[in-house]
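Numbering (the working numbering), first residue to last: 38 to 155. Positions of the beta carbon are idealized from the N, C-alpha and C atoms, including for glycine. Keep in mind that this is a model prediction, so the values were computed, not measured. A short write-up of the structure that comes next.
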């Protein structure tokens, strides 16, 4: 199980570094389907992994050194994420796991279509 979790983290880190995506897009489905976690537990575990921002800090530093980071904007986004994560976590822990899984799938499909068509 430890190697599986490390592999999930590695994959999420690569995707985050290349595409700038949040690790949850990779981590949550991987935990649900590969580690067989309930959706709420996968979401909580993914958020807890983000509390230890080592991977994100290394990636952000690399972008900063390349002149590709707007620190002020990132700080405002982080503040909004903190508030949003509190509310979203409350919602996720109070709805059915199947509904949460399907809602996540709809979000991913919608984002994929938007990115594909521009």
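Residue range of the alpha helix (DSSP H) that includes residue 118: Where residue 118 is concerned, the enclosing alpha helix (DSSP H) stretches over 108-129.
Residue burial classification, residue 60 (beta-carbon count within 10 angstroms, cutoff 16): Buried.
Inter-residue Cα distance where the pair is residue 84 and residue 52: Going by C-alpha positions, residue 84 is about 17 Å away from residue 52.
Cβ-Cβ distance between residue 67 and residue 45 below 8 Å: Taking 8 Å as the Cβ cut-off, residue 67 and residue 45 qualify as a contacting pair.
Beta-carbon gap between residue 96 and residue 54 smaller than 8 Å: It is a contact, given that the beta carbons lie within the stated cut-off.
Candidates 151, 149 and 49, of which the one nearest residue 86 by Cα: Closest option to residue 86, judged by alpha-carbon separation, among 151, 149 and 49: 49.
Nearest to residue 73 (by Cα), restricted to the options 112, 38, 137 and 129: Considering only alpha carbons, the answer is 38.
Range of the contiguous alpha helix (DSSP H) that encloses residue 66: Residue 66 -> alpha helix (DSSP H) spans 61-70.
Residue range of the unbroken alpha helix (DSSP H) whose run includes residue 135: Its alpha helix (DSSP H) spans residues 134-154.
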